[in-house]
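Protein chains in written order, with numbering that gives the first Met the number 0: chain A, 0 to 374; chain B, 0 to 374; chain C, 0 to 374; chain D, 0 to 374.
Ideal placement from N, C-alpha and C gives every residue a C-beta, glycine not left out.
What follows is a set of notes on a single structure, which appears directly below.
4 protein chains.
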Amino acid sequence: MSGNVLGKRFVVVSFGESHGRCVGVVVDGCPAGLPFDERDVQKYLDLRRPGTSRYYTSRLEPDEVDILSGVFNGYTTGAPIAMVVWNRDVDSDHYSEYHRRPRPGHADYVARVKYDGFNDWRGGGRFSGRITLSHVMAGSLAIKLLEYVLSVKICAYTKRIGDVEVDKITYEKLERRYSNPLRCPDPVIAKKMEEVLNSVMASGDSIGGVVEVVILNVPVGIGEPVFDGLEQDLSKALFSIPGVKGVEFGAGFESSKMRGSEFNDRLVVRGSTVRYESNNMGGIVGGLSNGMPIIVRVAFRPPSSISIPQKTVDLETLKEVDITVRGRHDPCIVPRAVPVVEATVAIVLADHATRYGLIPPVLSKEYGKFKRRDS
Amino acid sequence: MSGNVLGKRFVVVSFGESHGRCVGVVVDGCPAGLPFDERDVQKYLDLRRPGTSRYYTSRLEPDEVDILSGVFNGYTTGAPIAMVVWNRDVDSDHYSEYHRRPRPGHADYVARVKYDGFNDWRGGGRFSGRITLSHVMAGSLAIKLLEYVLSVKICAYTKRIGDVEVDKITYEKLERRYSNPLRCPDPVIAKKMEEVLNSVMASGDSIGGVVEVVILNVPVGIGEPVFDGLEQDLSKALFSIPGVKGVEFGAGFESSKMRGSEFNDRLVVRGSTVRYESNNMGGIVGGLSNGMPIIVRVAFRPPSSISIPQKTVDLETLKEVDITVRGRHDPCIVPRAVPVVEATVAIVLADHATRYGLIPPVLSKEYGKFKRRDS
Amino acid sequence: MSGNVLGKRFVVVSFGESHGRCVGVVVDGCPAGLPFDERDVQKYLDLRRPGTSRYYTSRLEPDEVDILSGVFNGYTTGAPIAMVVWNRDVDSDHYSEYHRRPRPGHADYVARVKYDGFNDWRGGGRFSGRITLSHVMAGSLAIKLLEYVLSVKICAYTKRIGDVEVDKITYEKLERRYSNPLRCPDPVIAKKMEEVLNSVMASGDSIGGVVEVVILNVPVGIGEPVFDGLEQDLSKALFSIPGVKGVEFGAGFESSKMRGSEFNDRLVVRGSTVRYESNNMGGIVGGLSNGMPIIVRVAFRPPSSISIPQKTVDLETLKEVDITVRGRHDPCIVPRAVPVVEATVAIVLADHATRYGLIPPVLSKEYGKFKRRDS
Amino acid sequence: MSGNVLGKRFVVVSFGESHGRCVGVVVDGCPAGLPFDERDVQKYLDLRRPGTSRYYTSRLEPDEVDILSGVFNGYTTGAPIAMVVWNRDVDSDHYSEYHRRPRPGHADYVARVKYDGFNDWRGGGRFSGRITLSHVMAGSLAIKLLEYVLSVKICAYTKRIGDVEVDKITYEKLERRYSNPLRCPDPVIAKKMEEVLNSVMASGDSIGGVVEVVILNVPVGIGEPVFDGLEQDLSKALFSIPGVKGVEFGAGFESSKMRGSEFNDRLVVRGSTVRYESNNMGGIVGGLSNGMPIIVRVAFRPPSSISIPQKTVDLETLKEVDITVRGRHDPCIVPRAVPVVEATVAIVLADHATRYGLIPPVLSKEYGKFKRRDS
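See below:
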């Protein structure tokens, strides 16, 4: 019980259900004095919004944020910030069937067992991808905070869909990651990904993919060993996004095939600062940021909902039956997951930057000056 | 700061340094009434102990556990259990050099920056693999508890070293995973792994690998969404083991290439219980255990210490220099990491089983009877 | 920062401001299967509501609860339960003056310093007594849970206003504690208290008092030493109610004048159970409930807002000035604090009963039967 | 379960038993760079040590601290600091009797019930006053930290024993609070207290008292509303000291008899700073420090152990019997509690000062300079 609280200083509390009144979040621990309003959130909600591309689920939700507390006169107050998105386009028709005949790949069965049937099963309830609205609302605040205080920049993008993969990426390209609905910064690869998606959709199937995150301007030393290192807390948060089955940093699983002489990032002097010659570590060593870009890859399995009939069990008769999942769903969750991953990563970094003393409890009105004096 | 506490109910606190007085751990939240003494810990410490194979570091440590509190008359008391391993074979000769000239791959540089040089850099201090003694001590208690109350069985093994990989594994084979120093249950593959290690050692290099964990008899419904699901907390704990760069569950990164029709585990009836036909989910869906074996794979990068000269920076002169890392180190950390991974996984499961109410606060002397009555 | 989360298992998160959109709360960790709806909350909100007696502030707030999540088909689902009360009768006219010229007794000055003026100062913002709506909403859920599962009964009442004090109280009388607006179960004393209040109000002043809580049917052994004992966590929660300046258990401060031979509660046998002959301990020893009624007394200082002119400082000119606090306020907070104290105590007990394993994660539909079988 | 962890940033973990191997503590979250060694701890342990006055228990314990980790070259490293006091003079002879026939006033009975008899009952185990060695060890570190960074000064003293009370106290007198074994800064009153103790001891009885704490130089704004205010967290920590039955701040329980016009501390200008004319608030308003001295009073009940025969229950026969408590005990715990209260208060303040950003994660070697520049 009580698993809906994340973080120690920039504390995020998620609530709400897919087909309930709303999905919401409370952030406790954001410093006072950050300029913040609905627009800062809405721009990320819009990036995640369904129905804006033929490759996204057709559920028509405006997904407008409603800030309930913690903001006054355009600034955060230091009090907890509660935000909700009210659900509008709810269609719970088929879900009582799925409660009885669990959809393969979904959490219908385990949720029913765990909560002895009391769970709100409409639309998957707490297990719906819609819950990531919490991540996005809290994360958009974290993104603003990190940018304002530390100039941290978080760029996720669609690295792979099925077998189609972006090989090399430049930071310039990353700026254009939202220029197509696939969130793939390479337009040639994006085209190929569309082909894959078209074929998948034609067959009523779904497909997985990989999101890569590149985080720039992270100061050295963020992360608290041994249990609250950056890899530890980033992976924990990322696995809370429905559909994630793997997380790796830097060379990741490939590093398990490498030799030390090949893997070790050598230290070098660039200008007057210490840098690394390569980045197999993915910007994190010993759980601490090392000043290099942080590189994380997140593997998403294919969405569970497909329109092909599948075998399952009728939990009342305990007989095997066939089920066809109706309703609206994404053929691949990766494109819409891109802003969710950015938001989730930001939550963890905001928490850790605060723990490490890099973000003060109040950003006074002369914060710009203060920043200059300090550096 | 304060990142050395893990868990919410079965709470683990790590302390100690590689070349300090000891490495220790406090477990707060273990139920009263569990039969427990030094032997339960020692057997796991022995599996992790250096110097017992030519493929392990030659540091000669008896690694004997000393239980300081929380156990009385052979049973846990419900009070916090403190345990330490006193360091014996400490050789800090070269470390002041590494503090000045950080070893590539190690945390020497980031630790120095983060703590402004105050960190205990001898032997890597808190960033040494030796810190996993904490994991093993606490984990051996968790293993005992899980077995005693829930008959949970945790089996990790060396899945891969470099390119040599175990393909298929049966649960019978898993029982023999500790029969060779490589902790590879397949003797033919183990032989090949030895060849790889021999060649790596001959060149003064190191190599990475993968540990796979199979967890049996986990009841349905363990894990607390949305942030404290099982994947979330297992990955967090596993990334606290030095050298881990990736964690995946079930089909993992492979699932990102799959279609939903292929990936989805269908529900079936076996006897009178609901099971899944396949296990691409790796026993976890929506962050909850689903009754199938939990399958986790952990990617280890090659150990940082190699005897080949490497480039680094002298932090006092800010000049690039060559460094040769002396001292005793493992050519591949995977075999000795196997018991560490088992212990780490157990800590998380013990925490979650308690949170989910499956482990009562006291195991009364008639616990055997109670268990029977309840099931 | 981030001080708005209370508890470890029945976790309460408070948000909202006195003159903002709403005051709200999220409860994470309530078991699934508890029958619960708006009426369970409303009855406690009504007991706390302003404007229902001439002795209460005249702010006219309907204070209706709005449950946003976590309840489905009349039962809790195991998901976080978010509840809000929307603010209606907001009058922020004078507060910009108080932000500049802090009201003595209020947190205006310290809040301004702490948050560098970014705090929402309207109506006192987060420091208003109105914030206890969070306590009451979460607490009404806790009260229901404790009664449903453990038959715990929590009775607070007005023990003293100024010098007028209830001497002896029987549990029968406690049942009638809400029969008058003073929440004093003794009608003769209640009359005298009214006289005190009338005189205080006539002079534009305010007055303090004491709430006593009696908690019945608490099983032996609740509380987690050494830091999370019942006295520890009850006092922490009670001091979060604005205006509390002292908390004592059993004989409390009087016990500091007593001898051991007089204070020690002797153990006796009553029927077939062990009881105590007296209750100087107030039902808690070593931080653990001992099976006797838990007795807590909470001292409230007089409300800060009085209509008599007072000296303060103009923070912009740094000159001393006189201020007259306008607006609507209670002459004594104690009567309206009575349900708040009950709710607050319930939150702590629900958290601890869950931690001690007395409240299962799901209250199955046959919970009544289960309860019988178990006892 | 798991109630032995206190704090969020300066995290204290207590372990050990009265008659076990040791009593110990881990502090996780102390900044790196604080000069610290055994002497800093020993001086507080010596103040708490038994056997150094005829008014203290005669258990002969050297109570020498052993620092196990987290300190290197005379400075804290930023890693967890583990400290233990090894038990030497253990005499568990009579305790098996008390386990069966619980001593009135002690936790023997409730502990046995809670842990179903598995608890280490020797010497009271975890419920012994000896557990406050943890508080003193961690607290001595906190005291050093607060003094070093913020010049905070914490002075507790014996305010009252039985009916003999110190009326007025000056801060100069407070400096001499350890000049007599009663820890009463007024020598005339101290004499009278001795008389009370002599008479109590002569009759084999015990007596209660009050400790008052005065905390100087606390900056404005420490404390995190609404649940983690200073009163909230100070009271929680203070109630973890065995024998405490009441905690009050400033005017405390007396404030419940006062009128607002009398109680409210007026703001005034002194020099160029805002101060309060009086200190009925005890230095805390709205849970935040207000810049005035923090005043806390802690009521201690009489020690439970008296040599007068008392009634109790034989838990094996369920018959009432008489018991005479043998062994060594304090006639009044207050004098030896004085350093414990100081240490406990320091832990909370160190935690909160860190949370509020007043204590940086590293105290660099030029910290003195940095401090000057900053102020």
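Taking only three categories from DSSP, how would you classify A:G182?
Sequence index remark: in the first sequence, residue 182 of chain A carries index 183 (1-based). Checking the displayed sequence, the identity of residue 182 of chain A turns out to be Arg instead of Gly. In the structure shown, A:R182 sits in coil (DSSP, three-state: anything other than H, G, I, E or B).
Hey, does A:E16 have any beta-carbon neighbour from chain B nearer than 8 Å?
One-based indexing of the first sequence puts residue 16 of chain A at position 17. Look at A:E16: its C-beta is not under 8 Å from any C-beta on chain B.
Can you tell me whether A:T169 is helix, strand or coil according to DSSP?
Position 170 of the first sequence, counted from the first residue, corresponds to residue 169 of chain A. Here A:T169 sits in coil by DSSP.
Classification of B:R372 by the beta-carbon crowding that lies within 10 angstroms, buried from 16 upward
As a working note, residue 372 of chain B is residue 373 in the second sequence. Unreliable positioning characterises B:R372 in this predicted model, as indicated by a pLDDT of 36, which lies under 50. A coordinate reading is not provided.
When you compare the CB of A:N118 with every CB in chain C, is at least one pair closer than 8 Å?
Taking the first sequence and counting its residues from 1, one reaches residue 118 of chain A at position 119. Cβ-Cβ to chain C under 8 Å: yes for A:N118.
To test your reading of the DSSP string, which unbroken beta strand (DSSP E) runs of 3 or more residues are found completely within the stretch 279–347 of chain A?
293–299, 309–313 and 318–322
Cβ-heavy atom distance between D:V148 and the ligand GDP below 7 Å?
For the ligand GDP, the structure offers nothing, since it holds no ligand at all.
Where A:Y355 meets chain G, residues with beta-carbon distance less than 8 Å:
Here the protein chains are A, B, C and D, and chain G is not one of them.
At which residues does the beta strand (DSSP E) containing D:A78 begin and terminate?
Here residue 78 of chain D corresponds to residue number 79 of the fourth sequence, with the count starting at 1. Neither: D:A78 is in no beta strand (DSSP E) and is coded neither H nor E.
Since D:N3 and C:V225 are thought to touch, with beta carbons under 8 Å apart, how far apart are those beta carbons, to the nearest angstrom?
Indexing the fourth sequence from 1 puts residue 3 of chain D at position 4. Indexing the third sequence from 1 puts residue 225 of chain C at position 226. Their Cβ separation, rounded to whole angstroms, is 6 Å, which keeps D:N3 and C:V225 in contact under 8 Å.
Where B:G367 sits in the DSSP three-state scheme
For the purposes of this step, residue 367 of chain B is taken as residue 368 along the second sequence, with counting starting at 1. In this predicted model, B:G367 has a pLDDT of only 48, less than 50, meaning its place in the structure is not dependable; the value taken from the coordinates is given anyway. Helix, per DSSP.
With C-beta atoms as the reference, is B:S205 less than 8 Å away from B:P360?
Here the question's residue 205 of chain B lines up with position 206 in the second sequence. Here the question's residue 360 of chain B lines up with position 361 in the second sequence. Against a cut-off of 8 Å, the Cβ pair of B:P360 and B:S205 comes out as no contact.
CB contact below 8 Å: A:G32 versus chain C
For this step, residue 32 of chain A is matched to residue 33 along the first sequence. So yes, A:G32 belongs to the interface.
What residues from chain A crowd round B:M257, counting only those whose CB sits closer than 8 Å?
As a first step, residue 257 of chain B is located in the second sequence; it is residue number 258 there, counting from the start. Those within 8 Å of B:M257 in chain A are I206, G207, R300 and P301.
Counting only Cβ pairs nearer than 7 Å, list the residues of chain C close to A:N179.
On the first sequence, residue 179 of chain A is found 180 positions in, with the first residue counted as 1. In chain order: nothing, as chain C lies at least about 35 Å away.
What does the alpha-carbon distance come out to for the pair C:V320 and C:G203?
Numbered from 1 along the third sequence, position 321 holds the residue referred to as residue 320 of chain C. Numbered from 1 along the third sequence, position 204 holds the residue referred to as residue 203 of chain C. Here the alpha carbon of C:V320 sits roughly 20 Å from the alpha carbon of C:G203.
For a contact meaning CB atoms closer than 8 Å, what does B:N278 contact in chain A?
Counted from its first residue, the second sequence places residue 278 of chain B at position 279. Under the 8 Å cutoff, chain A gives no residues; its nearest Cβ is about 12 Å from B:N278.
List, in chain order, every chain B residue whose beta-carbon is nearer than 8 Å to that of A:M200.
Numbered from its first residue, the first sequence carries residue 200 of chain A at position 201. By Cβ distance, chain B contributes nothing, its closest Cβ being about 11 Å from A:M200, past 8 Å.
Is it a yes or a no for the stretch 60–75 of chain B touching the stretch 100–111 of chain B, going by three-plus beta-carbon pairs under 8 Å?
no
Start-to-end residues for the beta strand (DSSP E) that takes in B:S375
There is simply no residue 375 of chain B to check, as chain B begins at 0 and stops at 374 in what is shown.
Beta carbons nearer than 7 Å to chain B: which residues of the stretch 1–25 of chain C have them?
K7
With a threshold of 8 Å between beta carbons, is C:Y108 in contact with chain D?
Within the third sequence, residue 108 of chain C is the residue found at index 109, counting from 1. Taking CB atoms only, C:Y108 has a neighbour in chain D less than 8 Å away.
Check whether the stretch 52–66 of chain B and the stretch 51–61 of chain D touch, using three or more Cβ-Cβ pairs below 8 Å as the test.
no
Verify the CB distance criterion: does D:G28 have a CB-CB separation below 8 Å to chain C?
Position 29 of the fourth sequence holds residue 28 of chain D. By this cut-off, D:G28 is not an interface position.
Three Cβ pairs or more, each shorter than 8 Å: is that satisfied between the stretch 15–34 of chain C and the stretch 246–257 of chain C?
Between the stretch 15–34 of chain C and the stretch 246–257 of chain C there are fewer than three C-beta pairs closer than 8 Å, too few to call the two in contact.
Using only the alpha-carbon positions, how far apart do A:L348 and A:Q231 sit?
Here residue 348 of chain A refers to the residue found at position 349 when the first sequence is read from its first residue. Here residue 231 of chain A refers to the residue found at position 232 when the first sequence is read from its first residue. Going by the C-alpha atoms only, they are around 12 Å apart.
Where do the ends of the beta strand (DSSP E) carrying B:L144 lie?
Translated into positions along the second sequence, residue 144 of chain B becomes position 145. Where B:L144 is concerned, there is no enclosing beta strand (DSSP E), although the alpha helix (DSSP H) it sits in stretches over T131 to L149.
To the nearest angstrom, report how far apart C:F333 and D:G161 are at their CA atoms.
Residue numbering aside, residue 333 of chain C sits at position 334 when the third sequence is read from its first letter. Residue numbering aside, residue 161 of chain D sits at position 162 when the fourth sequence is read from its first letter. Here residue 333 of chain C is Val; the residue named in the question, Phe, does not match the sequence. Rounded to the nearest angstrom, the two C-alpha atoms are 30 Å apart.
Helix or strand or just coil, what does DSSP make of D:R111?
For the purposes of this step, residue 111 of chain D is taken as the residue at position 112 of the fourth sequence. DSSP places D:R111 in helix when its eight states are reduced to three.
Based on DSSP bridge pairs, tell me the residues matched to D:F238.
Position 239 of the fourth sequence, counted from the start, is the residue given in the question as residue 238 of chain D. Bridge partners of D:F238: none, in fact.
B:R102 versus A:Y275, A:A155 and A:S95, residue with shortest Cα-Cα distance
By 1-based counting over the second sequence, the position of residue 102 of chain B is 103. Answer by Cα proximity: A:Y275.
Any chain C beta carbon closer than 8 Å to A:R125:
Counting from 1 along the first sequence, the entry for residue 125 of chain A is found at position 126. So yes, A:R125 belongs to the interface.
State yes or no: is the beta carbon of C:R371 nearer than 8 Å to at least one beta carbon in chain A?
Numbered from 1 along the third sequence, position 372 holds the residue referred to as residue 371 of chain C. Low per-residue confidence applies at C:R371: pLDDT is 37, beneath 50, and the placement is therefore not dependable, though the value from the model is reported in the following sentence. No, C:R371 does not count as interfacial toward chain A.
Nearest by alpha-carbon distance to C:R129: which of C:E223, C:R300 and C:P49 is it?
Counted from its first residue, the third sequence places residue 129 of chain C at position 130. It is C:P49.
Going by DSSP, which residues form a beta bridge with D:C154?
Here residue 154 of chain D is taken as the residue at index 155 of the fourth sequence, counted from 1. Paired residue(s): D:V213.
By Cβ distance, which residues of its chain are closer than 6 Å to A:L314, with the 5 residues on each side in sequence left out?
Mapped onto the first sequence, residue 314 of chain A falls at position 315. The beta carbon of A:L314 sits closer than 6 Å to the beta carbons of R99 from its chain, once the five residues preceding and following it are set aside; these are given in chain order.
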